[in-house]
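**Q**
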Amino acid sequence: MQQASLAGGFADPPHQSSTAFRAIMQVMARPGRIETITGGAAPAPLSGAASSVLLTLADPDTGVHLAGAFDTQAVRDWITFQTGAPLVAAPAAQFVLGAWADIDLTQLAIGTAEYPDRSATVIVELPALSPEGAILTGPGIRDRATLGLPGDVGVFQRNAALFPLGVDFMFTSGAQIAALPRSTKVSQCTSNQR
Amino acid sequence: MPTGRLRNDLPLVFAYFWNNEGAGMSEYNFAYLDEQTKRMIRRAILKGLAIPGYQVPFASREMPMPYGWGTGGVQVSAAVMTQADVLKVIDQGADDTTNAVSIRRFFERTAGVATTEATEAATVIQTRHRIPEVPLSEDQILVYQVPIPEPLRFLEPSEVETRKMHALEDYGLMHVKLYEDISAHGAIATSYAYPVQVEGRYVMDPSPIPKFDNPKLGMAAIQLFGAGREQRIYALPPYTQVVSLDFEDHPFEPSKADHPCGLCGATDSYLDELIVDDAGGRMFMCSDTDYCQARRAAGHVGALAEDAA
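In order, the protein sequences belong to chains X and G.
Okay, so the first sequence: first residue is 619 according to this note's numbering, each after it adds one.
Okay, so the second sequence: first residue is 2 according to this note's numbering, each after it adds one.
Spelled out as structure tokens, the structure:
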């Protein structure tokens, strides 16, 4: 285990995790909103925001799956030391973390009809978060909201069509976080901006 | 708050908090619960927000208060609370009942948060069976104490069956229950814990709030529901579509006592009926004490304000 895995945790877990969770709850309750979340600093390529999410929510009860370039020994060691979360295969994971291109949504847990909460939360690391993009409607949104989403909106539409099953997304970049729960209906922005 | 008097009429730990004013509570983690418990509750809250109206099972902890005193609400409040929060606790609308005072005090001592009785000043409001009269803002969080989270429970005692009914969206039994109300009483007689359907999917128990409060459920604040004994958490994100179940020919009607408040004269607030003498005399007053007080402070006077003073 490298020295790097010992650093980058919360210095004051009760208070830092409570403020981090408030930011996570706000974005999950209000799709399209972008919040700042700080405190965690995992080895690269993990962002501070994704590190903070893991410190706040992951523990020995939650399987974490690292996809693609995020599956490095340094990141694995950091998660193991800081959270105690087991690193598991994608279908067994409660938290899946990676770049958009590396995540295979078809493999992930979407819950069961009787327990739709037994589903994965996907933390997608993006180069940047943009308040402009796809149009969002649904719970947590007064009229409509917009958020830049990776890839094709059809993916998110198909996920929403599974409701109440499906996965929930968090998007992280630097110290910023946004979320897209399965309850949100996504449509393509009709204007010329993409 | 009286502090000089020792009390032995409270549950043990409340009595401890009451009788040990000034003693530090640093022996507890922030907001009482340990971090792993808070993570578990926080994960349940997030799934609850992602699936509005669905009851997420969680490993409810034994709290230092009896079931029925708001153990679910207290655990949810503890999991969402930050040091910067201002907490308000109401019990049937009132800030000054034993339950409300004790829970407020519990968090003053274990989390060191500021508390208030003013609805507008609070960031987290824990409530038992009421929604404040003043509309809540986007910056606020409303935490409900829930006794029986399952709206179908009194129609179907088996959890296995009710879970299947939710999975299959089989809510016919609930409509039959409301219909039986109509056939027996001529109207839907359910007046509190009136069932709602969330986003056209899950039928949800809004906790035993009066049906007068149901139209407020689509509010701007985040609403979280905690049932400690029954080990369930559920949630409504802001602006969620919440429809009270009804029939075309018997539409839902939020109702209240047809009187103005005796103290502040409000005609738009939910009222408690108070027996004031042995001769059957009664008065009606706002159940939301902060709303009533604010109105009286602003100069509104009800018909019975003199008598009460």
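Just so you know, even glycine gets a beta-carbon here, dropped at the ideal spot from N, CA and C.
Just so it is clear, the structure is predicted and the values come from calculations on it, not from any experiment.
Within 10 angstroms of the Cβ of leucine 169 of chain G, are there 16 or more other Cβ atoms? Answer buried if so, exposed if not.
**A** Exposed is the call here.
**Q** So what does histidine 301 of chain G bridge to, in DSSP terms?
**A** According to DSSP, histidine 301 of chain G bridges with nothing at all.
**Q** For threonine 764 of chain X, report the span of its beta strand (DSSP E) as first-last.
**A** Where threonine 764 of chain X is concerned, the enclosing beta strand (DSSP E) stretches over 763–765.
**Q** Determine the direct distance from the alpha carbon of phenylalanine 699 of chain X to that of threonine 755 of chain X, and round the result to whole angstroms.
**A** Answer to the nearest angstrom: the Cα atoms are 39 Å apart.
**Q** Can you name the residues that DSSP bridges to proline 211 of chain G?
**A** Answer is G/Tyr193, bridged to proline 211 of chain G.
**Q** With 16 other CB atoms within 10 Å as the buried threshold, where does isoleucine 276 of chain G fall?
**A** So isoleucine 276 of chain G counts as exposed.
**Q** Where does the unbroken alpha helix (DSSP H) through glycine 173 of chain G begin, and where does it stop?
**A** Run containing glycine 173 of chain G: 173–186, per the alpha helix (DSSP H) assignment.
**Q** On a Cα-Cα basis, can you pick out the residue from G/Asp278, G/Ala221, G/Thr241, G/Val197 that is closest to lysine 212 of chain G?
**A** When each option's Cα is compared against that of lysine 212 of chain G, the closest is G/Val197.
**Q** Are the Cβ atoms of methionine 205 of chain G and glycine 54 of chain G separated by less than 7 Å?
**A** For methionine 205 of chain G and glycine 54 of chain G, yes; Cβs fall inside 7 Å.
**Q** Can you tell me the Cα-Cα spacing of glycine 23 of chain G and alanine 112 of chain G, whole angstroms?
**A** Legend: pLDDT at glycine 23 of chain G = 46, less than 50; position of this residue unreliable, no value from coordinates given.
**Q** Of all the residues that make up the region 777–794 of chain X, which are near chain G by a beta-carbon distance shorter than 8 Å?
**A** Flagged, chain order: Phe781, Pro782, Asp786.
**Q** Is the shortest distance between the beta-carbon of lysine 257 of chain G and the beta-carbons of chain X less than 7 Å?
**A** Not one chain X Cβ lies under 7 Å of lysine 257 of chain G.
**Q** Return yes when at least one heavy atom of the ligand COA lies under 6 Å from the C-beta of phenylalanine 253 of chain G, else no.
**A** For the structure depicted, the ligand COA is absent and the ligand set is empty, with no information on it obtainable.
**Q** Flag this pair as yes or no: are the beta carbons of valine 714 of chain X and phenylalanine 787 of chain X separated by less than 7 Å?
**A** Going by C-beta atoms, valine 714 of chain X is not nearer than 7 Å to phenylalanine 787 of chain X.
**Q** Compare the C-alpha of threonine 191 of chain G against each of G/Pro209, G/Gly201, G/Ala115 and name the closest.
**A** The shortest C-alpha separation from threonine 191 of chain G is found at G/Pro209.
**Q** Judging by CA-CA distance, which residue of X/Pro632, X/Phe781, X/Ala647, X/Ala629 is the nearest neighbour of alanine 139 of chain G?
**A** One point to set straight first is that residue 139 of chain G is glutamate, not alanine, in the sequence displayed. Among X/Pro632, X/Phe781, X/Ala647, X/Ala629, the Cα nearest to that of glutamate 139 of chain G belongs to X/Ala647.
**Q** Taking buried to mean at least 16 other C-beta atoms within 10 Å of its own C-beta, is histidine 186 of chain G buried or exposed?
**A** With fewer than 16 other Cβ atoms within 10 Å, it is exposed.
**Q** Does the beta carbon of leucine 754 of chain X sit closer than 7 Å to a beta carbon anywhere in chain G?
**A** Leucine 754 of chain X does not count as touching chain G.
**Q** CB-CB under 7 Å to valine 773 of chain X, same chain, minus the five flanking residues each way: which ones, in chain order?
**A** Contacts found: Leu723.
**Q** Go ahead and label leucine 47 of chain G buried or exposed: buried means 16 or more other beta carbons lie within 10 angstroms of its beta carbon, across all protein chains shown.
**A** By the neighbour-count rule (16 or more Cβ atoms within 10 Å), leucine 47 of chain G is buried.
**Q** For serine 805 of chain X, would you say it is in contact with chain G, using Cβ-to-Cβ distances shorter than 7 Å as the test?
**A** Not an interface residue.
**Q** Give the DSSP-derived three-state secondary structure of tyrosine 292 of chain G in the structure shown.
**A** In this structure, tyrosine 292 of chain G counts as helix in the three-state DSSP scheme.
**Q** Glycine 266 of chain G by DSSP, collapsed to three states: which one?
**A** Three-state DSSP puts glycine 266 of chain G in coil, outside helix and strand.
**Q** Give me the residue from G/Gly49, G/Lys165, G/Leu156 with the minimum Cα distance to lysine 178 of chain G.
**A** Considering only alpha carbons, the answer is G/Leu156.
**Q** Jot down the residue ranges of each uninterrupted beta strand (DSSP E) in the region 644–686 of chain X, minimum 3 residues, whole runs only, in chain order.
**A** 682–684, all fully within the region 644–686 of chain X.
**Q** Note down the Cα distance separating threonine 637 of chain X from threonine 83 of chain G, rounded to an integer number of angstroms.
**A** Between threonine 637 of chain X and threonine 83 of chain G, the C-alpha separation is close to 6 Å.
**Q** Using a Cβ cut-off of 7 Å, pull out every chain G residue sitting near proline 632 of chain X, in sequence order please.
**A** Under the 7 Å cutoff, chain G gives Asn30, Phe31, Glu36.
**Q** For isoleucine 655 of chain X, collect the residues of the same chain with a Cβ closer than 6 Å to its Cβ; drop the 5 residues on either side in sequence, then sort them by chain order.
**A** The residues are Ala638, Ala641, Ala667, Ser670, Ile795.
**Q** For the region 231–263 of chain G, enumerate the residues whose C-beta is nearer than 7 Å to any C-beta of chain X, in chain order.
**A** Within the region 231–263 of chain G, the qualifying residues are Pro238, Pro239, Tyr240, Thr241.
**Q** Please decide whether leucine 705 of chain X counts as near chain G, where near means a Cβ-Cβ distance under 7 Å.
**A** No, no contact with chain G.
**Q** Hey, glutamine 93 of chain G and leucine 143 of chain G: beta-carbon distance below 7 Å or not?
**A** It is not a contact, given that the beta carbons lie outside the stated cut-off.
**Q** Check for me: the beta strand (DSSP E) holding lysine 803 of chain X runs from which residue to which?
**A** Residues 803–805.
**Q** Give me the DSSP bridge partner(s) of isoleucine 741 of chain X.
**A** For isoleucine 741 of chain X, which the question treats as bridged, DSSP gives the partners X/Leu715, X/Met788.
**Q** Quick check on aspartate 273 of chain G: does DSSP put it in helix, strand or coil?
**A** Of the three classes helix, strand and coil, the one that applies to aspartate 273 of chain G here is strand, per DSSP.
**Q** Out of X/Gly681, X/Leu780, X/Phe688, X/Leu673, state which residue places its alpha-carbon closest to the alpha-carbon of alanine 707 of chain X.
**A** Ranking X/Gly681, X/Leu780, X/Phe688, X/Leu673 by Cα distance to alanine 707 of chain X puts X/Gly681 first.
**Q** When you compare the region 798–807 of chain X with the region 777–787 of chain X, are there three or more beta-carbon pairs, one atom per stretch, that lie closer than 8 Å?
**A** The region 798–807 of chain X is in contact with the region 777–787 of chain X.
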